[in-house]
Structure formats: structure tokens, C-alpha cells
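For reference, the structure is listed below as C-alpha cells.
Residue numbers (this note's numbering): 154 to 379.
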């Protein structure tokens with residue numbers, strides 16, 4: 154059993170609005186934390202957004218297109234409450250003059266997606282807006298190779314077809330040199346769901362081979378291209 158109240162607009166934005174995605178978003182209610190994970194272009198890239206909530210239960214389940222479409226109809230209500238009991242989801246919306254409840258039976262329980270940190274992860278502090286602006290200009294087909302060097306503050310990005318390249322300055326030199334190659338389309342689609350929160354964000358070359366980027370409550374994970 155779990156019950157949580159959330160701002161309606163926040164929830165709609167957290168699971169990508171009405172944009173079609175390759176995989177269903179996943180919601181994880183875990184005590185004092187609510188987490189929504191989306192997969193814009195399959196399992197090779199995911200965006201995670203979290204928020205603190207009053208102490209609740211523990212449940213992780215898939216968000217269907219029908220759930221997303223219904224909550225979008227509730228956008229005029231500032232807040233909604235999600236009540237989960239066994240495999241049933243009840244969505245309640247109310248204001249001073251009206252109250253609505255809709256039930257979704259047989260929700261699909263899922264596993265939470267967790268990629269643990271490691272002492273060998275390499276962190277680089279980068280300018281957030283400039284990082285996101287770079288991804289907007291990258292060609293959607295092919296791969297992107299991201300390189301950092303412990304001898305310089307520059308982060309270089311190169312497209313495998315040779316027609317595009319970019320660079321930006323990190324706040325400090327990284328402690329080690331690293332490179333990471335990803336699918337350009339996956340990364341471009343995943344970063345498109347993010348609006349900058351802070352002046353600086355954090356880029357991690359994870360020991361497991363995944364690239365992680367975080368800004369406030371937003372975190373993106375990209376799988377390496379092999």
C-alpha cells in the first residue's frame with residue numbers, strides 16, 4: 154500500500170507529457186522519495202527525475218499511455234493523489250468545488266532501475282545550459298564520442314561521420330582521462346526532455362561504462378555504443 158500527493162504539472166512533465174516513448178515510464182515510490190524514469194528511445198538512454206514526499210509506502214510500477222492520457226485531462230487540478238493497493242491504482246483529483254476518482258486495475262509491478270555509484274567514477278563539473286545547447290545541434294544519426302583529458306578543461310564531442318564537432322569548458326580539469334561513445338539519436342532524444350536548473354551540472358564517466366549527467370533532481374544515464 155502506498156499513497157502520495159503530487160503537483161499535477163510536475164507529474165505530467167516528469168513522465169514526458171504526451172510524447173510517445175519506446176518504453177513505458179516507471180514510477181517508484183520509496184518511503185520519502187518519488188522517482189519517475191522515462192526511456193525516450195529504448196533502454197539505451199533514460200532520464201530520472203525525483204522529488205521528496207511525505208513518508209509513504211514502497212511500490213514500483215509501469216505507467217501506461219492510458220494513465221498518462223488521463224492525468225493530462227486533470228491538468229486544471231493543481232494536485233492529484235495516487236493511491237496504490239495491491240495491483241490497483243486510484244487517481245484522485247479535487248479542489249474546493251469538485252472531486253474526481255478514477256481506478257486503474259491490474260497495474261504492472263516493475264523493478265526499479267538503479268545504477269550504483271563507484272569510487273572509480275570520474276566526475277566533471279560542466280556548464281548546464283551550454284551542455285544542453287550542444288546536444289540540440291548534434292546530427293541525429295550516427296554516434297558521438299565524448300572525450301575528457303586530465304591535462305585540459307576542454308570536453309570534446311565528435312560525430313563519427315566527420316561533419317560535426319563541438320567542445321565546451323569544464324570548471325576544472327578531470328582527475329583522469331576518459332572517453333565515451335553513444336548513439337547520437339538516443340542521447341539527443343533523452344536530453345531533449347531536460348530544462349536547465351542550475352548553472353553547473355555534473356557529468357560522470359562511470360566505472361561500469363555508463364555516462365551519467367545530473368542537474369538538480371534530473372539525472373540522465375546513457376549506455377555505451379558497442
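All residues carry an ideal CB built from backbone N, CA and C; glycine is no exception. Being a predicted model, the structure only gives us computed values, none of them experimental.
| Query | Result |
| --- | --- |
| Alpha-carbon spacing of residue 250 relative to residue 289, whole angstroms | 44 Å |
| As assigned by DSSP and simplified to three states, the class of residue 154 | coil |
| Residue 335 beta carbon less than 7 Å from that of residue 265 | no |
| Limits of the beta strand (DSSP E) - the one that residue 256 falls within | 252-257 |
| Span of the alpha helix (DSSP H), counted from its first residue to its last, around residue 220 | 218-226 |
| Residue 283, enclosing beta strand (DSSP E) - first and last residue | Residue 283 -> not in any beta strand (DSSP E); alpha helix (DSSP H) instead, spanning 281-290. |
| Close-in-space but distant-in-sequence residues of the same chain around residue 292 (CB under 8 Å, 5 per side omitted) | 312, 314, 316, 317 and 337 |
| Length at least 3, wholly inside the segment 164-237: the beta strand (DSSP E) runs in chain order | 176-183, 186-192, 198-205 and 211-215 |
| Span separating the alpha-carbon of residue 328 from that of residue 304 | 9 Å |
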